[in-house]
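Report on the structure given below.
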Amino acid sequence: MVCHKALFWVLFYVYYLSMILMLYQNIKICSDTKIYHRVDSVEGIETMQVDLHNLVLWSKEWQMLFNVDKCKVMHLGYNNPKVNYVVEATQLQEVSEERDLRIIVSDDFKREKQYCCS
């Protein structure tokens, strides 16, 4: 049995979002995008590069272009081949740590810097 009150609020929310999108159809915001793949084979490397390319195509289609200079790659794991990935003919910067939502994520998963910098 579906709760009619909950269904009403879901439909109202969808209606509300559609009205906002109609009013502000020229405003597009995309703050963060992250992709993750297990890269332990040639197929994994190719899949990651294809996904990066598909994200660029999507961003162009929706006119929400990536700032390639801010795009970074973090290689996780000890057996990672640490491949250089390319977006729009620009090699992505490799980082060993990155702050996201006030949390420092490092490629070795150690938390020392999180305690001193939070």
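Heads up: the sequence shown begins at 1033 in our numbering, then just goes up one per residue. Beta carbons: idealized from backbone N, C-alpha and C, even for Gly. Since the model is a prediction, treat every value here as computed from it, not as a measurement.
- The secondary-structure analysis by DSSP pairs Ile1067 with nothing; it has no beta-bridge partner.
- The region 1098 to 1113 makes contact with the region 1069 to 1083, as at least three CB pairs between them are under 8 Å.
- Contact between Thr1065 and Leu1087 is confirmed by a C-beta separation of about 7 Å, below the 8 Å threshold.
- Between Cys1103 and Gln1125, the gap from beta carbon to beta carbon is short of 9 Å.
- Taking C-beta separations shorter than 6 Å and ignoring five residues to either side along the sequence, the partners of Ile1067 in its chain run Asp1083, following chain order.
- The beta-carbon separation of Met1106 and Val1127, rounded to 5 Å, stays under the 8 Å limit for a contact.
- Here the C-alpha atom of Ile1135 lies approximately 12 Å from the C-alpha atom of Lys1142.
- Collapsing the DSSP output to three states places Gln1095 in coil.
- Sorting Gly1076, Glu1130, Asp1139 and Gln1095 by C-alpha distance to the C-alpha of Gly1109 places Asp1139 at the top.
- If you compare the alpha carbons of Glu1129, Asn1099 and Tyr1117 with that of Gly1076, the shortest gap goes to Tyr1117.
- Val1118 sits in a strand when the DSSP states are folded into three classes.
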